[in-house]
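Structure, as structure tokens:
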Amino acid sequence: MDGNKNGLQMTFWGVRGNVAPAHASTVFGNHTTCTEVRRPGRPPLLFDLGTGAYPAALSLRGQGACELDVFLTHLHYDHLNALPVWPPLYLPDCTIRFWSTYADLPQVFARLLASPFHPVPYDKLNATLQFEVLPTQGSRYLARQGLTLSWGPLPHPQGCTGFRCDDGTNAVVFATDVDLGAARQTGILPALLSHPYPAGLAVLDGFFTDEELARFPDWGHGTWRQGRDLASACGVDTLAITHHHPDHDDVFLAAIEAAAAPVRWAREGQTFHLHDNRVQRITPSRPEATPS
Ligand SMILES: [Zn+2]
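Numbering (my numbering), first residue to last: 8 to 299.
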């Protein structure tokens, strides 16, 4: 019996690692990382501001007051490259709360939004920006969203944070940009995946093939096989792979996915719907909201 009738949803606005691929992808997508988690009828949580944050913002337009919660896994470019042109930053009635482990995030933003990189300086943005500094590891109830957020550090050059969202019945884990071999040793990601109960959906870094990982072992990424083994050991029901390598085109990714079933490869625009802590339905992108 599903204690939470509304379930939990995860929408992928960008699933590409590093940069858009050389040949446009019509199946898996071209945007870099941005993922949305929400309980239906509640405000969303956005994870990362890769270029996928741009269509995410357009989708959220017209859904009432502009009060956004954005969680940053880390500050590498592919997770932040929508920032300078992100529409909510230029809306005077918008309040954006940035949640991260970086105490100096306002200073980082001021450096990024400065001459000669950007014509609008940080202190001239129209929106109200708020900054919530998270400890390296912890758990917190988010009353607006009605979700418990848990997080912890992931092995990746300069660090990264993995997140778990839990409504008491359904749980999703988002762990992009992670050396999955090292993460399995630390125990932090396994704990996010399995505690207090196994996640119904885990989204894990599958940037590399086995051969690519052997060539670039220190880049802080994983393979789908590592993700599958870890998710399986932790009792995760559904695994979706993300942070697709820009050299991996639609044909290549579809072939791996077919051979790796039931592991799925995240597709830009898809929403995974969880009830009873299982993915019951996968839908294409939500209909566009009516512009306000
Ligand atoms: Zn990345």
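We put the beta carbon where it would ideally sit given N, CA and C, even for glycine.
Burial state of residue 125, where buried means 16 or more other Cβ atoms lie within 10 Å: Around the beta carbon of residue 125, fewer than 16 other beta carbons lie within 10 angstroms, which makes this residue exposed.
Sufficient close CB pairs (3 or more, under 8 Å) joining the segment 189-199 to the segment 258-273: The answer is no - the segment 258-273 does not touch the segment 189-199, with fewer than three Cβ pairs under 8 Å.
Local conformation of residue 56 per DSSP, three classes: Correct three-state label for residue 56: coil.
7 Å Cβ cutoff met for residue 15 and residue 211: The answer is no: Cβ separation not under 7 Å.
Stretch-stretch touch, CB-based, cutoff 8 Å, three pairs: the segment 240-253 with the segment 210-229: Judged by Cβ distances under 8 Å, the segment 240-253 makes contact with the segment 210-229, as three or more pairs qualify.
DSSP beta-bridge partners of residue 107: Answer by DSSP bridge pairing, in chain order: 140.
Burial state of residue 33, where buried means 16 or more other Cβ atoms lie within 10 Å: That one is exposed.
For residue 278 and residue 289, the rounded distance between their alpha carbons: The straight-line gap separating the alpha-carbon atoms of residue 289 and residue 278 is approximately 6 Å.
Through-space distance from residue 173 to residue 2, alpha-carbon basis: The requested residue 2 does not occur in the structure, where the chain is confined to residues 8 to 299.
Buried or exposed (CB count within 10 angstroms, at least 16 for buried), residue 118: With a threshold of 16 other beta carbon atoms within 10 Å, residue 118 falls short and is exposed.
Continuous beta strand (DSSP E) stretch holding residue 77: start and end: Residues 74-78.
Sequence-distant residues of the same chain with beta carbon closer than 6 Å to residue 155, five excluded per side: Excluding residues up to 5 positions away in sequence, 148 and 173 lie with their Cβ nearer than 6 Å to the Cβ of residue 155 in the same chain.
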